[in-house]
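For the sequence shown, my numbering gives the first residue as 34, with consecutive numbering after it.
For glycine and all other residues, C-beta sits at the position ideal for the given N, C-alpha and C.
Note that this is a predicted model, so its numbers are computed, not measured.
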Amino acid sequence: MLTEKRHEVILQLLKEKNSVSVTEIKEMTGGSDSTIRRDLTALDKEGKLSKVFGGAVAVEPAYTVTELSVAQKQKVNQTEKRQIARYAAHLIKKDDFIYLDAGTTTGYMIDYLTEKNVTFVTNAVDHAKRLAIEGFKVILIGGELKGTTEAVIGSQAAISLQKYHFTIGFFGTNGISKRYGYTTPDNNESVIKKTALEHCHKR
């Protein structure tokens with residue numbers, strides 16, 4: 034397949050899925066690993082995608098404050114989220130004091146937890162409920178409940194986090210930008226994430 038055609042295929046896949054792996058591109062184009070990586074490098078330099086380990090992600094759209102509900106987010110990139118969640122869950126060690134942020138990927142982590150002798154602090158109502166049912170010690174911080182993400186936010190939540198010092202933290206994010214790093218459209222949620230991050234030994 035010609036270079037231009039491969040590039041068209043790659044960009045179309047990203048338009049449909051937002052992320053694509055080298056393996057998927059190989060299957061669609063018949064190109065080799067090295068050829069596909071050169072394609073991704075070229076398209077990255079042109080600003081048409083962002084090259085990441087093992088593949089590429091779509092360039093972020095114009096900034097928006099619109100946010101999907103938890104139910105909607107659960108339908109997006111499920112396979113990738115579960116892969117991340119499985120890996121993250123295995124980072125948890127005995128006696129860890131853990132901050133578990135609201136989010137669908139962090140929620141999937143609960144399915145893969147194996148170490149029971151740990152304590153969780155979370156701002157996610159559903160996470161707290163599921164952890165408690167599974168027999169974990171869990172602390173749900175207080176504050177204002179945000180309907181769309183089912184996360185506890187606000188000044189009271191931020192204040193309550195300041196008394197904790199976590200051995201490790203796991204965080205949800207709405208996007209990843211080369212320029213701005215991890216992003217969220219809600220300033221109230223960003224304050225909670227920032228406060229928790231500052232109190233984590235590892236994250």
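Beta-ladder partner(s) of residue i, from DSSP
{"i": "residue 201", "result": "131"}
{"i": "residue 83", "result": "90"}
{"i": "residue 194", "result": "Bridge partners of residue 194: none, in fact."}
{"i": "residue 155", "result": "133 and 173"}
{"i": "residue 208", "result": "216"}
{"i": "residue 53", "result": "89"}
{"i": "residue 178", "result": "185"}
Under the three-state DSSP convention, the category residue i falls into
{"i": "residue 109", "result": "coil"}
{"i": "residue 224", "result": "helix"}
{"i": "residue 66", "result": "helix"}
{"i": "residue 74", "result": "helix"}
{"i": "residue 96", "result": "Unreliable positioning characterises residue 96 in this predicted model, as indicated by a pLDDT of 48, which lies under 50. The coordinate reading is nonetheless provided below. Coil, per DSSP."}
{"i": "residue 125", "result": "coil"}
{"i": "residue 230", "result": "helix"}
{"i": "residue 146", "result": "coil"}
{"i": "residue 235", "result": "coil"}
{"i": "residue 312", "result": "This structure cannot speak to residue 312, because the chain is shown only from 34 to 236."}
{"i": "residue 60", "result": "helix"}
{"i": "residue 161", "result": "helix"}
Range of the contiguous alpha helix (DSSP H) that encloses residue i
{"i": "residue 38", "result": "36 to 50"}
Residue range of the beta strand (DSSP E) that includes residue i
{"i": "residue 187", "result": "Note, residue 187: premise wrong, no beta strand (DSSP E); not H, not E."}
{"i": "residue 215", "result": "214 to 216"}
CB contact check: residue i to chain E, cutoff 8 Å
{"i": "residue 49", "result": "Structure shown: chain E not included; a single protein chain is present."}
Counting pairs of beta carbons, one from the segment 109 to 117 and one from the segment 174 to 187, are three or more of them closer than 8 Å?
-> Between the segment 109 to 117 and the segment 174 to 187, the count of Cβ pairs shorter than 8 Å is below three; the stretches do not touch.
Please confirm if the segment 161 to 169 is in contact with the segment 199 to 212, defined as three or more CB-CB distances below 8 Å between the two stretches.
-> no
Pairing CB atoms from the segment 76 to 91 with CB atoms from the segment 151 to 163, are three or more of them under 8 Å?
-> no
Inspect the CB distances between the segment 123 to 132 and the segment 75 to 90 and report whether three or more fall short of 8 Å.
-> no
Would you check if there are 3 or more beta carbon pairs closer than 8 Å linking the segment 55 to 66 to the segment 74 to 81?
-> At 8 Å Cβ cutoff, the stretches do not touch.
Validate contact between the segment 215 to 228 and the segment 184 to 202 using beta carbons, cut 8 Å, 3 pairs = yes
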